[in-house]
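Below is one structure, written out as structure tokens; comments come after it.
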Amino acid sequence: MASSDLSPETYAIGIICALFEEKAAVEAMLDEEHEALDQKSEDPNSYTFGKIGKHNVVIACLPGGHQGKAAAATVAIHMTRSLPIKLGLMVGIGGGVPSQIPNVRLGDVAVSLPVGTHGGVIQYDLGKMEPDGFRRKGHLDKPPKALLSAVTSLRAKHERHEPDFPRYLSAISENRRMAKKYGFQGSENDQLFDNNNQPLTREPREDDQPLVFYGTLGSGDLVVKDSEARDLRAAGDKIICFEMEAAGLMNDFPCLVIRGISDYADSRKNDRWQPYAAATAAAYAKELLSAVSVQEIEKLGPARKHSVPFSLKGIPAIDHFVQRDKEMQKLEDFFFNQMSQPVRRKVFVVHGLGGIGKTQLCIEFARKHQAQYTAVLWMDGSSEDALQQSFVNSFFMLPPEEMPVALVEAVKRQEASPEVIVQGVLDWLSLPSNQRWLHIIDNVDHDFIVKCNDPLAYDLTKYSAQVDHGSLLITSRLSTLAIPQNAHQLTEMNLEEARALFEDHRGQPVSGQPARDESKDLESLLQKLQGMPLALAQAGTYIRHTNMSICEYLDYYNSTWDDLVEAQNSYPLQEYAHRSMLTTWRISYQQVESQDWEAATLLKLWAFLDPKDMWYELIACAIRLESQIDIPEWLSTLAKTHLKFRGALGLLEKYSLVNNGTDNDNYSMHAVLHSWCRHLASTSSKSQVFSELAVSVVAQMLLREDDKDRAALSRRLLPHGQQLLCRLRLGVVWRPSHIPSGAYTKLAQIFEYNHAFDEAAEFHERDLENSEKVYGEDDTRTLRAAYTLADMYTEIGKYAESQQLAERALAVYEGLLVSDSDDSAIISEQMIGTLICLGRNFKLQNRLEDSEDMFKRAVAVSEQHQQEDATYGHALPAMISLGHMYIREARHTEAEVIFERALSVSLKVFGPDNRFTCRVLSGLSEVYDKLGKVVEAKMMVERAATGFEKIKPETCKYAFEVARERIELFERQGKLAEASELAERVLIENEHRLGLHHRYTIQAASRLAGLYSQTGRRQEARTLCEQLISRLEHTFGLHDQFSLRVMDSLACVYANNLEMLSEAADLFERVLKKREELLGADHNKTLQSVYNLFCVYGMQGDKIREAEMRERVLK
1 MASSDLSPET YAIGIICALF EEKAAVEAML DEEHEALDQK SEDPNSYTFG
51 KIGKHNVVIA CLPGGHQGKA AAATVAIHMT RSLPIKLGLM VGIGGGVPSQ
101 IPNVRLGDVA VSLPVGTHGG VIQYDLGKME PDGFRRKGHL DKPPKALLSA
151 VTSLRAKHER HEPDFPRYLS AISENRRMAK KYGFQGSEND QLFDNNNQPL
201 TREPREDDQP LVFYGTLGSG DLVVKDSEAR DLRAAGDKII CFEMEAAGLM
251 NDFPCLVIRG ISDYADSRKN DRWQPYAAAT AAAYAKELLS AVSVQEIEKL
301 GPARKHSVPF SLKGIPAIDH FVQRDKEMQK LEDFFFNQMS QPVRRKVFVV
351 HGLGGIGKTQ LCIEFARKHQ AQYTAVLWMD GSSEDALQQS FVNSFFMLPP
401 EEMPVALVEA VKRQEASPEV IVQGVLDWLS LPSNQRWLHI IDNVDHDFIV
451 KCNDPLAYDL TKYSAQVDHG SLLITSRLST LAIPQNAHQL TEMNLEEARA
501 LFEDHRGQPV SGQPARDESK DLESLLQKLQ GMPLALAQAG TYIRHTNMSI
551 CEYLDYYNST WDDLVEAQNS YPLQEYAHRS MLTTWRISYQ QVESQDWEAA
601 TLLKLWAFLD PKDMWYELIA CAIRLESQID IPEWLSTLAK THLKFRGALG
651 LLEKYSLVNN GTDNDNYSMH AVLHSWCRHL ASTSSKSQVF SELAVSVVAQ
701 MLLREDDKDR AALSRRLLPH GQQLLCRLRL GVVWRPSHIP SGAYTKLAQI
751 FEYNHAFDEA AEFHERDLEN SEKVYGEDDT RTLRAAYTLA DMYTEIGKYA
801 ESQQLAERAL AVYEGLLVSD SDDSAIISEQ MIGTLICLGR NFKLQNRLED
851 SEDMFKRAVA VSEQHQQEDA TYGHALPAMI SLGHMYIREA RHTEAEVIFE
901 RALSVSLKVF GPDNRFTCRV LSGLSEVYDK LGKVVEAKMM VERAATGFEK
951 IKPETCKYAF EVARERIELF ERQGKLAEAS ELAERVLIEN EHRLGLHHRY
1001 TIQAASRLAG LYSQTGRRQE ARTLCEQLIS RLEHTFGLHD QFSLRVMDSL
1051 ACVYANNLEM LSEAADLFER VLKKREELLG ADHNKTLQSV YNLFCVYGMQ
1101 GDKIREAEMR ERVLK
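Take the sequence shown: its position 705, counted from the start at 1, is 705 in the UniProt record's numbering, and no numbers get skipped.
Dropping the structure here:
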């Protein structure tokens, strides 16, 4: 090694390699190797100094285990900071593209050269997939003119003379340690295969001398090792070689890229040819430098100014970032879409709820694209003091030679104020030549506009360079900082991202094995946390440290949220600066509270309502409550005008605590923030008041008389009802004097409209309990609550409980009527309802005589008070039920009488276009048909059909019943196609609203199966029957009367098709067996099953079993 007293200023050419083999090959080309120079302590590069031809060069290699454009950019930054490099070479290996250079061989050399609009290198993986294909973004600079001129000279020379660089390989072949590994590997080991992995035959070359190809090189982070992908990527831009580092150098390290072809970027990629390819590239680099003019280099300035090595100092640690591709694409689209245009300042704001992942996204963006910038400055904007300290920290990272000497000296003497240092950094960012920086200010969460109310707010413009270049990225909870085209509201993660983040923090994937299958628990947890990164990270971390199961965590989350979240604080998250779910939103809440106390307090009320739907009319209901209960002033203020409500919600939206819906009519908040609001309310002395106000506004909303579409309103109110039901189940007691009269009933009706009768029964139970305490057991209000609950019990199959309640109420009613009470009209009305409830109960239990008796008594009570039309009208359900019972028992004359009486009452009380009137007309048509009154039957059918068409099911509480009756009417008219179409619509609606396992859904599917059978759609009928049988067994079990009724119907569907008789017989046998167990051998339903089997066995020709069933029927 030559001893040298050369100074750093004499080294103007830098050579960067990615692999140690590449660096060794370049070192072998040195004509002189110099002693190492002292280098800056902050420079981690390892350099080799030497001379090639007339040029002093310095060689650096990427650290072991590092590859790609970011690592290359970091090496170049440190090199240009330590040495006055003017030109550079990137020398190493790459993957050749035979489809673009058919004559290529391993060991040939590819050199980057501008072609068309490309500068010689393109970053092929930076862009966006669009409908017409991948659209690449960004632009990389051309090599410097001095190197391009040298290439031109060399190419011209090679046209006339043999190239020199093959001779330079002798330096390696004569080196005993390098000769074998770095020498030519033999043409027999150079095989090319097509896309089907078949070997290709190529014309042999005259000799083994490497050739040089010039053109576009493709650079990206992924290793290309698939021939089809290689050719597809290369085709559009005519890429001749793929590599991984050059994209990180071209814009800020003026260089030429030289790559020896070590493979063909296909599946047969291996390391055998890498040393030889590195050697040929190094040899070409040596010959190229011989063509570079020393005088041209002396004219050039330093290659890179304003460079700051990327540092994670001051940036929250992230060990578990999960890719958020759509959000990252937003940032890339904005910052890199116009890279080929004249430089202009770019300002972008990422805003959203605290804990939603804004900081993490921007850190990953900086990490991923650090090579695109000369400097990345990360600053903490949570307060003005924190931001000033970040400027001070950043000052020490900047090149001191580019800062004013006086300022540098003042900082050394600790005489510079933070304000002066801030201005110094801003001046550096404002330098005209310093245009490729990224300035990130994180957590700008305090609103300067209302500074008088927020001492931590500051003027952000004082801390951003006011020049037309550079890139400024801001994260904030303030939506008001955002400019629509230059901002992105970050929302929750999607399901896959949420699962990945949770599993990363938990430290292990969720098992799907039967022994410990937590997949369903994880699904529930992910739904509960709704893609909130902070909540997911805390949950995963806590479960990892405590070895708790996901199921246990869910139980604690649902039952003791406050305690669980408090316990999680024992395991703080560094990536969230130790903030937790308990603390992260308090900042925003306090700012809202200081500006609008009503808006802040609304969050505490909202804590007891559904988080996904808040709208003005719900709050405005409070005005109508003022005559019934005490309404706090803050709620009255919000309720009085829409403008005040919008202002309050607008402020909450400004701090990203709520989101405005797409129709601007409603607002929502994140589910985890909603849990925090409930925690906030629970710490208040008025927690009970907020809960009672929630009950009051929801109940009052359903009492609105101006709402014609009551069913639609009930669907909208259902999520709020479900929130209140959760409180009810937790044992919360709402004081009667603090909620409006009838609140429980109205809450129950919300569930009734949505056919959620089990849930409705829970509110009716509380209503009865409350009425007994307040009014006493014999008060008509208590009795109404009792028979209403009894009706619900009948609906959900609790027949014994229903009967007990109804009979208790009935006994009291009978006593009150005898006493000639002043409330006789109310008593008789409620008594009719109680009798009808008992009649339905007995009918569903197949106690048909008892059922008929109750219905008759209901009609009799109504006749005693027929001067009251409304009272008479209350008996209509009993009349209709009696009529249908008479039809089934072939008592057609009695059916005719009762239906005609019912029609007279219904027309008088309700008019012609009411569902009761239409039901009566439908029943009359069936009776007239049975009696042979064809003309009258046809007329009744037409009147019923006309009436049903005028009833909009979606506006009716009894939409399912109306639809069912219309379907039956279509069937009687022989309009099976219309019946099937309506049945399909009903089934789809029920599946969507009620779910697959609801009774109404199953009934609708059973009827549709029958229609499919009647219209010849047998396979569809069979499939639907099989699905229903499975649902019945798993949901209700075969001991349930409802299951048996539906299975009876399905067996009839099978029996209507000769090819399904065996399925019919099997199903009828199962029903018979269960009915014998439950009802006894002599029950009429059991005998009906016997008769059904008798018919099926006869159709099958099974004489023996047919005779057995006949004998049982005759007995």
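Note that the Cβ used here is the ideal one computed from N, Cα and C, for glycine as well.
Can you list, in chain order, the residues of its chain whose CB lies under 6 Å from that of residue i, leaving out five sequence neighbours each side?
i: GLU1026; result: none
i: TYR214; result: VAL111, LEU113
i: ARG477; result: GLY354, ASP445, SER588, TYR655, SER656
i: GLY833; result: TYR787
i: GLU971; result: ALA979
i: LEU987; result: ALA1004, ALA1005, LEU1008
For residue i and residue j, which I take to be in contact (beta-carbon distance under 8 Å), what is that distance rounded to the nearest angstrom?
i: THR10; j: ASN45; result: Rounded, the Cβ-Cβ distance is 18 Å, inconsistent with contact.
i: THR150; j: LEU288; result: The sequence given here has Ala at residue 150, not Thr. Contact flag correct, Cβ pair sits at about 6 Å.
i: ARG735; j: GLU769; result: Incorrect: roughly 14 Å between the Cβ atoms, too far for contact.
i: GLY14; j: ILE85; result: 4 Å
i: GLY120; j: LYS142; result: 6 Å
i: residue 1132; j: PRO719; result: Beyond the ends of the chain as shown, which are 1 and 1115, falls residue 1132; an answer cannot be given.
i: GLU926; j: ILE887; result: 6 Å
i: ALA858; j: ILE836; result: 5 Å
With distances taken Cα to Cα, identify the nearest neighbour of residue i among the options.
i: SER851; options: VAL859, ASP1048, ARG840, ALA858; result: ARG840
i: THR491; options: ARG268, LEU1038, ILE356, ARG586; result: ILE356
i: ALA457; options: LEU481, HIS469, ALA465; result: LEU481
i: LEU1008; options: LYS69, THR637, LEU1028, GLU419; result: LEU1028
i: LEU200; options: ASP207, GLU188, PRO210, GLN209; result: GLU188
i: LYS1085; options: ALA878, LYS225, LYS843; result: LYS843
i: LYS686; options: LYS604, HIS720, PHE184; result: LYS604
i: ALA890; options: TYR928, VAL774, ALA711; result: TYR928
i: PRO63; options: TYR813, ALA18, PRO102, THR80; result: ALA18
i: ARG919; options: LEU816, GLY932, LEU882; result: LEU882
i: ASP208; options: MET493, LEU217, LEU106; result: LEU106
i: MET79; options: THR546, ASP108, LEU37; result: LEU37
Please return the same chain residues whose Cβ sits closer than 7 Å to the Cβ of residue i, not counting the five positions on each side in sequence.
i: ARG966; result: PHE948, LEU982
i: PRO98; result: VAL104, LEU192, TYR264
i: LEU876; result: ALA902, VAL905, SER906, PHE916
i: GLN867; result: Note that GLN867 has pLDDT 47, beneath the 50 cutoff, so the model's placement of it is unreliable and no number is given.
i: LYS286; result: MET29, ILE52, PHE165, TYR168
i: HIS674; result: ALA607, PRO611
Hey, would you say the C-beta of residue i is under 6 Å away from at least one heavy atom of the ligand GTP?
i: LEU635; result: As far as ligands go, the structure on display features none, and thus does not contain the ligand GTP.
So is residue i buried or exposed if we call it buried at 16+ other beta carbons inside 10 Å?
i: LEU996; result: exposed
i: ALA537; result: buried
i: ASN486; result: exposed
i: LYS23; result: buried
i: PRO275; result: buried
i: SER519; result: exposed
i: PHE20; result: exposed
i: VAL1090; result: buried
i: GLY96; result: buried
Less than 8 Å between C-beta atoms, sequence neighbours within five positions excluded: which residues of the same chain meet that for residue i?
i: ARG1018; result: TYR1012, ASN1057, GLU1059, MET1060
i: THR541; result: HIS505, ARG506, GLN568, TYR571, LEU573
With three or more beta-carbon pairs closer than 8 Å as the criterion, would you say the region 357-371 touches the region 416-430? no
Would you call the region 472-480 and the region 432-440 in contact, with 3 or more CB pairs under 8 Å? Because the criterion of three Cβ pairs below 8 Å is met, the region 472-480 and the region 432-440 touch.
Assess, as a yes-or-no matter, whether the region 317-337 is touched by the region 387-394 under the definition of 3 or more beta carbon pairs within less than 8 Å. no
Cβ contact (3+ pairs, closer than 8 Å) linking the region 234-242 and the region 55-74: no
Cβ pair count under 8 Å reaching 3, the region 19-30 against the region 267-287: yes
Contact between the region 493-500 and the region 519-534 is defined here as three or more beta-carbon pairs at a separation below 8 Å; is this criterion met? yes
Using a Cβ distance threshold of 8 Å, determine whether the region 756-773 contacts the region 728-748, with at least three qualifying pairs required. yes
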